[in-house]
Amino acid sequence: MLIIFKYSCFLLFSLLSFCVPGKSNRPNVILIIADDMGWDDVSFHGSNQILTPNIDLLAYTGVALERYYSHCVCTPSRSALLTGKFAHVTGMQGYPLTNAEDRALPITEKTLPQYFKEVGYATHLVGKWHVGQSRVEYLPTSRGFDSHFGHRGGYIDYYEYTLLETWSVGDVSGFDLFRNDTAAWDVEGYITDVYNKEAISVIDLHDISKPLFLMVAHNAPHSANEGAPLQAPPELVRSMRHIDLPQRRYYAAMVKRLDDSVGDIVKALSDKGILDNTIIAFISDNGGITSGMSVNYALNWPLRGLKMTPFEGGIRVNGLVWSKNLTQGEHLWKGYMHVADWVPTLLSAAGLEIPSDIDGIDLWDSIVSNRESKRDVIFEIDDYTGFMAIISHDYKLITGVVITNYSNHQGDMFKGIIGTGPSYEDALRNSTLYSVLSDIGVPFEMSDTSLRNKIKISCNMDKSNICYPSNGTWCLFNIKEDPCEIIDLSSKYPDIAEKLYSQLKAEIKRMIPRKVPHEINLQAMPSLHNYAWDVWHASEGNF
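Residue numbers (mature numbering (1 follows the signal peptide of the UniProt record, and there is no 0)): -24 to -1, 1 to 519.
Listed below in structure tokens is the structure:
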């Protein structure tokens, strides 16, 4: 009977379950989210300027997701992540939530932590929320999380934890760091370190008789408030002197601290004795913002476009999944995956029933077995800005109105390195994760870094006749052959363009129109709530 029990666990959780008395036999799930991180800002994508050894080693010993897509802005991407639905079918598409806006992910939508909580998981959120905060019922602890420590809005200052908004009455600032429903005024330190410490505490205090779902949604490397957008400990900035331009030095230091946190979290799981039975996913919420509003000098190069655009630089982002013995072969999965796919994929990995009323597709077996993706269509619809895009197989169609200044190729001037730069091999060997992998018996050889060359994107950057869509026109690209979206094929293949446009029109019928932001509600004024961005609207039926 014991042999049968062990074999059943092996089959059920695809090498992930660790059947030990006193421990949960469902896999723990750790989801780590970077904010506004560019495609070219992880070194496993080929960059030699910013080294991310801990993140890279997860990719080299797990599975890197070559064609992982998200929505192009933070609120829509997090809404899709939590619900398994495209943002436009929940009305959460377009410009992200402001702290003075009475809008949220509809409370009728079931969230990923709720699915996990129903079957006995402990569920915790550390870091960013950004899908609703004006009412108590919109907060994380009302949407499936046992606890939340973090910021509720789009970003915060890395040391003072404030968020600045510009209203018609002028600039308005408030404190935005909370422990559950209470402002965390007692906290001090660099926010990436603060979130790292909190995540480790959650792991250390976890009751291993229950499975754990922990979402760590870092503020990094999002910009901070206007006036001091790039913030990092001075010693880290000094360590980046191989980087030519100062903007990128600050940004690189912010990413460095994020990478350190990834290593620390994995080590905490190992020290707790639960890493063998844990799935870890690392993703970016959307593309980087190299210039313009909320600029952080992230690079999506050579991908075209920035955050807030439907081009590849806005929606094709960093992604990987790791678990011990996840794969014995290929560590690069080339199939399409969308942020909405995490709900069914993670539920499937945990052996749970998958809801039928979502857009997400279960890709767990496809990733583990290196099979073709079951996803063949991706939509990016923003009725606020006014653009629409569809990806189907090799082709992508973009129509409507895009933000032109964000829709070009940017960042090549920020790539400069003084001298030869730091040793990549030394960075890997000196990383926390390198020691952890050795301790748990996961093999890694320096030759495994060949994945960098497989996933690195190179394009002929002839931009002499680049296509910009506008009302009544569209651009068609073969993103398999032309990932940098330089060659418009709409005239060459009008039948393909028409077919994709017809699919877009059909999908738009499912869209819930996005509410245009109301005039700033003065009830949200932080000075009315002890100078914090606290709940400011009474619950339904009480207002």
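Positions of the beta carbon are idealized from the N, C-alpha and C atoms, including for glycine.
N- and C-terminal bounds of the alpha helix (DSSP H) containing residue i
i      : result
Thr168 : 167 to 181
Val242 : 222 to 248
Lys93  : 88 to 94
Asp415 : 408 to 415
Thr375 : That residue, Thr375, is in no alpha helix (DSSP H); its beta strand (DSSP E) goes 371 to 376.
Val319 : 318 to 325
Exposure label - residue i; buried when at least 16 CB within 10 Å
i        : result
Arg217   : exposed
Ala500   : buried
His100   : buried
Val65    : buried
Thr303   : buried
Ser267   : exposed
Tyr44    : buried
Gly38    : buried
Asp261   : buried
Trp15    : buried
Pro419   : exposed
Tyr134   : buried
Glu211   : exposed
Ala508   : buried
Val492   : exposed
Glu164   : exposed
Arg214   : exposed
Leu(-14) : Summary for Leu(-14): the model assigns pLDDT 37, below 50, so the residue's position carries little reliability, and this model does not support an answer.
From the options, residue whose alpha carbon lies closest to that of residue i
i           : options                        : result
Lys350      : Tyr312, Ile132, Pro3, Thr99    : Tyr312
Ser19       : Leu404, Ile488, Asp169         : Leu404
Pro320      : Leu302, Trp340, Val5, Asn301   : Trp340
Trp318      : Leu296, Tyr36, Thr303          : Leu296
residue 562 : Met230, Leu452, Ile488         : Only positions -24 to 519 of the chain appear in the structure, and residue 562 is not among them; the question remains open.
Leu245      : Ile259, Ala482, Ile6           : Ile6
Ser299      : Asp370, Asn276, Asp464, Ile416 : Ile416
Asn301      : Asn294, Ile330, Ile343         : Ile343
Lys310      : Ile330, Gly70, Asn346          : Asn346
Span of the beta strand (DSSP E) around residue i
i           : result
Phe125      : 123 to 126
residue 536 : The displayed coordinates of the chain run from -24 to 519. Any statement about residue 536 would go beyond what the structure contains.
Phe287      : From DSSP, Phe287 is part of no beta strand (DSSP E); its letter is neither H nor E.
Asn454      : 450 to 454
Lys61       : Neither: Lys61 is in no beta strand (DSSP E) and is coded neither H nor E.
Asn4        : 4 to 10
Lys485      : Looking at the DSSP string, Lys485 is not in any beta strand (DSSP E), and its letter there is neither H nor E.
Glu141      : 138 to 143
Ala257      : 254 to 260
C-alpha gap between residue i and residue j, whole angstroms
i        : j      : result
Ile496   : Ile250 : 47 Å
Thr449   : Pro52  : 25 Å
Ile26    : Ala514 : 46 Å
Ser426   : Leu34  : 14 Å
Ala326   : Pro3   : 6 Å
Val377   : Phe287 : 12 Å
Asp402   : Gly392 : 21 Å
Gly130   : Ser324 : 30 Å
Leu452   : Leu279 : 16 Å
Asn381   : Val170 : 35 Å
Leu73    : Asp510 : 15 Å
Phe(-12) : Asn1   : Residue placement at Phe(-12) cannot be trusted, given a pLDDT of 44 that sits under 50; what the coordinates show is reported in the next sentence. Distance between the alpha carbons of Phe(-12) and Asn1 is about 9 Å.
Glu457   : Ser411 : 39 Å
Arg224   : Glu113 : 40 Å
Tyr360   : Leu498 : 23 Å
Val178   : Lys248 : 11 Å
Met191   : Tyr273 : 26 Å
Chain C within 7 Å of residue i, Cβ atoms only
i      : result
Thr285 : Note that chain C does not occur in the displayed structure, where there is just one protein chain.
Can you confirm whether the region 112 to 126 touches the region 464 to 482 when touching is taken to mean that 3 or more C-beta pairs between the two stretches lie within less than 8 Å? no
Can at least three beta-carbon pairs, one atom from the region 453 to 471 and one from the region 78 to 87, be found at a separation below 8 Å? no
The region 138 to 154 in contact with the region 178 to 193 per 3-pair CB rule at 8 Å: no
Taking contact to mean 3 or more Cβ pairs, one atom from each stretch, closer than 8 Å, check whether the region 156 to 171 and the region 104 to 124 are in contact. yes
Across the region 210 to 227 and the region 383 to 399, are there enough close Cβ pairs to call them in contact, namely three or more that are closer than 8 Å? yes
Is there contact between the region 192 to 203 and the region 100 to 111, where contact requires at least three CB pairs shorter than 8 Å? yes
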